[in-house]
Amino acid sequence: MCDIRAKDIIQWQNEQISYRDVKGKPYAPTYLKTLQSKLSALYNHAVRFYELKSNPVVVKAGPLGKSHIPIKHFKLEKSLER
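Its first residue numbered 1, the sequence shown is counted upward by one per residue in our numbering.
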């Protein structure tokens, strides 16, 4: 872990952002945020218990994805409202 630099994390982030599945869909912003959070948690653990100097995910690489998505409201047809 100590050999991974912020530039490596930024490169990884860009790969995740540009990923498309066979249908051409990217990862959801909330999934990207989850990946980032898990990676950051690993580095936080290393900082606390293994004397890693800093967490490169938080300090230099910056955020990835969104923590929430807007709620979509759907209008129900009258036949479904009963």
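Where a beta carbon is used, it is the ideal one built from N, C-alpha and C, also for glycine.
Since this is a predicted model, take the numbers as computed values, not measurements.
Which residue from the options puts its Cα closest to that of residue i?
i	options	result
PRO29	LYS23, GLN13, ALA41	GLN13
Assuming residue i contacts residue j under a Cβ cut-off of 8 Å, what Cβ separation, rounded to an integer in Å, is found between them?
i	j	result
LEU32	GLN11	LEU32 to GLN11, Cβ: 15 Å. No contact.
VAL57	SER40	4 Å
VAL47	SER37	Actually they are not in contact, since the Cβ atoms of VAL47 and SER37 sit about 15 Å apart, beyond 8 Å.
So what's residue i in DSSP terms, helix, strand or just coil?
i	result
ALA46	helix
VAL22	coil
ASN55	coil
ILE4	coil
TYR31	helix
Should residue i and residue j be called a contact, given that it needs their Cβ atoms to be closer than 9 Å?
i	j	result
TYR43	LEU35	no
Tell me which same chain residues have a C-beta within less than 6 Å of the C-beta of residue i, skipping the five on either side of it?
i	result
MET1	ALA46
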